[in-house]
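Going down the list, the protein sequences come from chains H and F. Everything in the first sequence is counted per my numbering, starting at 1 for the first residue and increasing by one. Everything in the second sequence is counted per my numbering, starting at 259 for the first residue and increasing by one.
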Amino acid sequence: MARLQFYVGQPLVSVDAIIPEYDERNPQGGLTRAQYEANRSLPVLFLLHGAFGNSADWLRHTRIEMFAQEHNMAVVCPSAQNSFYTDWPGSIAWEKEIMENLWAFAQRYLPISDKREDCYVAGLSMGGYGALKFALDYPERFCAVGSFSGALNVPNRYAQTGDDSFLPLGHIFPDRENLSGSPQDLYAWSQTLARSGKPLPKVYLSCGTRDGLYDANTQMRAVLETAGYDVTWDEGDFEHEWRFWDEQVEKFLKWTGR
Amino acid sequence: MAYVRLTFGSKFLRGQEDISVFLPSALPVAETGKMKKIDSYDKREKYQVLWLMHGGGDDHTAWPMDAMIQRACNTAQLIVVMPTLRDFVSNRPDMDTFAYVAKELPAFIGRLFPISRRREDNFIAGLSYGGYFSYRVALNYPQNYACVGSFSSPVDVQMDINRMHKGQPRFDVPIAGTDRDVLGMAADLKARGADIPRMFQTVGTEDFTWDFNVSARNHFRALKLDHTWTERPGAHNFDYWDVALKQYLDWLPLKRAPFIEEGE
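Take a look at the structure:
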């Protein structure tokens, strides 16, 4: 098991990563050490933090290191400030920064696979929105996506009400008039992708029943199922909280079958 | 730049160890010689690697925090690996730093990052006691390193211990005839006709390790080894080592670009 903290890129995107190692007491896939170490093409999960967070969040608040080792999954957590993982018009292109430059950097330097069947993306809250956005924008890249308590309706709510009291959104979504139905509107964008004939990622969607985002998530579940996505749903007696995400990231890893 | 702070569990050190690594954060463009942001990858490509050692009492952050080396490493297109060394002459019962650096670290870093494992692409160097340690590793495993460098180091470690560390338990170890005996191993390798790593040695004229360097230099010269010596006005500090590292990088047989090994 190795833990890595990267400081890379321009703008500087800090990254936390976990790389599993061979475990003699619990050999992955029953392999010998030599067999395991000969193949350095690990399945990889890009795991996204929520608003007001950074790349260290998943490592600080959950048992992701232990889960990553148990499921033999490399985990890469980028920092993206409060960007909503989207390209800011005329400013920082967060999605491009992470999905083009950091992707190439990670693939160049880390012992991870770039095959679709080995690549996953997931996140919590704003990171759930980001994970779904990345999976819809790069359907050839990820076989599955997880969103836990995803802040999936934020652009839609902002388009309708202009409410950005929890976080200023005007610089992220300046074209409020045309936000609904745009690629930032994941309810619409997921249907566009479903009609395109491109491969669709499998979706794992979950939310706490006491979370204010619960309805936004059940609504997304209905949209995705109607559009033909393979959706797995989970919920529990939780608010918007780390105890839920700690449980959910383990459930997600089990769900991947790794 | 791309700086990595790495943590992993070492068997030989019996604990969690931090390591600093520089990865080239940009790519050279062949036509223009300029650098561009990384936006592509080839899984077959490998990098040359510099194993870079700090001095006594320091840790893996010494080089990244004190030296102006990031751009130089990027230009050199080297992966630079900087471990923490808590013991240079293997006198601690609880950890084997020598086996860690010589055996465990290359295997671990080789699993993690795309470093070439070929001798011609592996270089080791260090400042002060880390330079002595680099010679010790390189001459015990001459098949693994093409070049070795020391900056202001007690390469003649017996003379250093006699003068500076007499009676200190952590230096109370035999040198002659052991795997700590850099001068003796150089003579043995020469006598056996072995491939000996090319040597680079530099020291400031005001440095307190001057005598331990001159003694080793004279020994290597008498053996007619491939040995480069530089000296400049300077003392035992990073003003000197900044320049020393750049000199060493200029002296190394660098490929200055990632490459695909034959047979890959």
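Glycine is no exception: its CB is placed at the ideal position from the N, C-alpha and C atoms.
Secondary structure note for residue 381(F): its beta strand (DSSP E) is the uninterrupted segment 380-385. Contact between residue 203(H) and residue 98(H) is ruled out by a C-beta separation of about 20 Å, above the 8 Å threshold. For residue 117(H), none of the residues of chain F pass the 8 Å Cβ criterion, the least Cβ distance being about 16 Å.
Counting only the Cα atoms, residue 443(F) lies some 14 Å from residue 482(F). Counted as a single uninterrupted DSSP element, the alpha helix (DSSP H) harbouring residue 133(H) occupies residues 126-137. Within the stretch 11-42 of chain H, 19, 37 and 40 place their CB atoms closer than 7 Å to a CB of chain F, listed in sequence order. For residue 111(H), the residues of chain F that pass the 7 Å Cβ criterion are 369 and 370, in the order they occur in the chain.
Counting along the chain, residue 158(H) sits inside the alpha helix (DSSP H) bounded by residues 154-161.
When Cβ-Cβ separations below 8 Å define contact, residue 4(H) makes contact with chain F. Annotation for residue 512(F): 306, 334, 335 and 336 place their beta carbon closer than 8 Å to its own, counting only its chain and skipping 5 residues before and after. Secondary structure of residue 485(F) (DSSP, three-state): strand. Boundaries for residue 19(H): no alpha helix (DSSP H) harbours it, while the beta strand (DSSP E) harbouring it runs 13-19, taken from the DSSP string. Against chain H, a Cβ distance below 8 Å from residue 343(F) picks out nothing, because the smallest value is about 19 Å. Of all residues in the stretch 88-110 of chain H, those with a C-beta nearer than 7 Å to a C-beta of chain F are 100, 101, 104, 105, 107, 108 and 109, reading in chain order.
In this structure residue 320(F) touches residue 313(F) by the C-beta definition: roughly 7 Å separates them, less than 8 Å. At least one CB of chain F lies nearer than 8 Å to the CB of residue 7(H). Straight-line measurement puts the Cα of residue 66(H) at about 52 Å from the Cα of residue 472(F). Between the C-alpha atoms of residue 127(H) and residue 249(H) there is a straight-line separation of about 13 Å. Looking at the DSSP output, residue 460(F) sits in a beta bridge with 409(F) and 488(F).
Interface criterion met: the Cβ of residue 1(H) is under 8 Å from a Cβ in chain F. By a beta-carbon distance limit of 8 Å, residue 308(F) does not contact residue 357(F). Their separation comes to about 20 Å. The way I'd put it, the stretch 56-75 of chain H does touch the stretch 15-22 of chain H; three or more beta-carbon pairs between them come closer than 8 Å.
Residue pairing of residue 278(F) in beta bridges, as defined by DSSP: 263(F) and 340(F). For residue 361(F), the CB contacts under 8 Å within the same chain, skipping 5 residues up- and downstream, are 270 in chain order.
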